[in-house]
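The working numbering puts the sequence shown at residues 67 to 402.
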Amino acid sequence: MTQSRSVPLTRRSFSAWIAASAAAVGGGQAALWPRAAHAADAPLSSRLRIVIPANEGGGWDQTGRALGAAMLASGAVGNVVYENIGGKGGTIGLAKYAEKYDADPDTILMSGMVMVGAVALQKPTVTMASMTPIARLTSDYEVVAVKADSPLKTPKDLIAQLRSDAANTVIAGGSAGGVDHMYAGMLARVAEASQSLVYQAHPGGAEVVEALDSGKAAAGISGYSEFSEGLASGRLRAIGVSSKRPFQGIASVREQGVDADLANWRGVLTGRKVPPYRKAALLTVVRRATATDLWQKTIKQNNWDPFWMEGKDFENFLETDTAMAGPLIYLLKLKA
67 MTQSRSVPLT RRSFSAWIAA SAAAVGGGQA ALWPRAAHAA DAPLSSRLRI
117 VIPANEGGGW DQTGRALGAA MLASGAVGNV VYENIGGKGG TIGLAKYAEK
167 YDADPDTILM SGMVMVGAVA LQKPTVTMAS MTPIARLTSD YEVVAVKADS
217 PLKTPKDLIA QLRSDAANTV IAGGSAGGVD HMYAGMLARV AEASQSLVYQ
267 AHPGGAEVVE ALDSGKAAAG ISGYSEFSEG LASGRLRAIG VSSKRPFQGI
317 ASVREQGVDA DLANWRGVLT GRKVPPYRKA ALLTVVRRAT ATDLWQKTIK
367 QNNWDPFWME GKDFENFLET DTAMAGPLIY LLKLKA
């Protein structure tokens, strides 16, 4: 469907009904932090496995390992092990989790918007409908970065280059169908270049930085935490962020005249065959972890936003987000 340049697409406008649905079930997004844990609470697990459906070093990995450290700090868990299963926006990890740990009461899976988009784009056999939501943890924003000496100074410069020569304007980001890819699609749509978008998918932020540094990509999209070192060292330069307002001293893409904003989220799931009493215990473990000083310091250090949601509210949110992802990917004409 072709739409005029005067009708902007933002994930906010496309998914405004998500907020209404969340509000209707009572909790919505207002509960950004769980209730405080009690240090005297007894351990709920002697050992817990966290499956991270991505390679080491990226945003998912950072979140999963930070959560595990906070679990230990809270005293809710005696030992935490991590298992990284990367590939295809988390869908490989999702499938292997369902195969190996669907009934395991001591294993959880990291998830988020990247996985939602990858499932919608790739249509794997195992989907998130095979899982049980535990809690939503954080959200963060997409940073659009370029090499320090790039001629692109603003988001409008990038839009102009996409409009004039999209085939030679490579945008690097994370997995196909993920939130980075979605945001690249939004920018391409503003430039009326959706059909010509050249998106270069990478397994993590380090590879996106390398693509920019080597000149293989004109622009890169990733979370702030994955670009922070390159920005601090001067190797990269941020030209905008996908929030509605400035973030970490970076002007938002929206306030620079390009109407496209998007937020990523990350959360925790478990298997469908895990018994209800154990699901409740896992929720308590996560809740206690996110109430620790260590977790709150990690949130600030990584510039994540607390985005807590649990129970039926999170189930409804995930169901709506999943239903929205397919039409959004179709509208943006994203390709695997």
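For every residue, glycine included, the Cβ atom is placed at its ideal position computed from N, Cα and C.
About 13 angstroms separates the CB atoms of Leu335 and Met179; that is not less than 8 angstroms, and the two are not in contact. Within the segment 212-296, the complete beta strand (DSSP E) segments at least 3 residues long are 236-239, 264-267, 285-289, listed from N- to C-terminus.
DSSP, read as helix, strand or coil, puts Gly300 in coil.
Gly333 sits in a strand when the DSSP states are folded into three classes. In this structure, DSSP gives Ile151 a state outside helix and strand, which the three-state scheme calls coil. Secondary structure note for Gly178: its beta strand (DSSP E) is the uninterrupted segment 173-178. Around the beta-carbon of Val274, 16 or more other beta-carbon atoms lie within 10 Å, marking it buried.
Leu263 and Asp327 have their alpha carbons spaced roughly 18 angstroms apart. For Ala169 and Lys378, the gap between their C-alpha atoms comes out near 21 angstroms. For Phe380, the enclosing alpha helix (DSSP H) has its first and last residue at 377-398. For Thr191, the CB contacts under 8 angstroms within the same chain, skipping 5 residues up- and downstream, are Ala161 in chain order. Gln314 counts as exposed, since fewer than 16 other C-beta atoms from the protein chains shown sit within 10 angstroms of its C-beta. Around Leu187, the same chain offers Ala242, Gly243, Ile395, Leu400, Ala402 as residues with beta carbons nearer than 7 angstroms, after the five sequence neighbours per side are excluded. Taken in chain order, the whole beta strand (DSSP E) runs of length 3 or more contained in the segment 110-139 are 114-118.
CA-CA distance, Thr358 to Thr235, rounds to 44 angstroms. Restricting attention to Val256, Asn330, Leu224, the CA atom closest to the CA of Ile305 is found in Leu224. Excluding sequence positions up to five before and after Gln322, its CB lies within less than 7 angstroms of the CB of Thr220, Pro221, Lys222, Gly306, all in the same chain and listed in chain order.
Here Ala357 carries a coil assignment [DSSP, helix/strand/coil]. Under the three-state reduction of DSSP output, Pro342 falls in the helix class.
Looking from the CA of Ala135, the closest CA among Tyr167, Val182, Gly155, Trp361 belongs to Trp361. Closest option to Gly270, judged by alpha-carbon separation, among Lys154, Arg131, Lys310, Val324: Lys154. Taking one beta carbon from each stretch, the segment 340-360 and the segment 129-145 have 3 or more pairs nearer than 8 angstroms; the two touch. Cα atoms of Ile151 and Ala272: separation of roughly 17 angstroms, rounded to the nearest angstrom. By the 16-neighbour rule on beta-carbons within 10 angstroms, Lys363 is exposed. Residue state for Gly156 is assigned as helix, using DSSP reduced to three classes. According to DSSP, residue pairing for Tyr207 in a beta bridge involves Ala329. A residue is called buried once 16 or more other Cβ atoms fall within 10 Å of its Cβ, and Val117 is buried on that count. The distance from the Cβ of Ser309 to that of Tyr207 is about 4 angstroms, consistent with a contact at the 8 angstroms cut-off.
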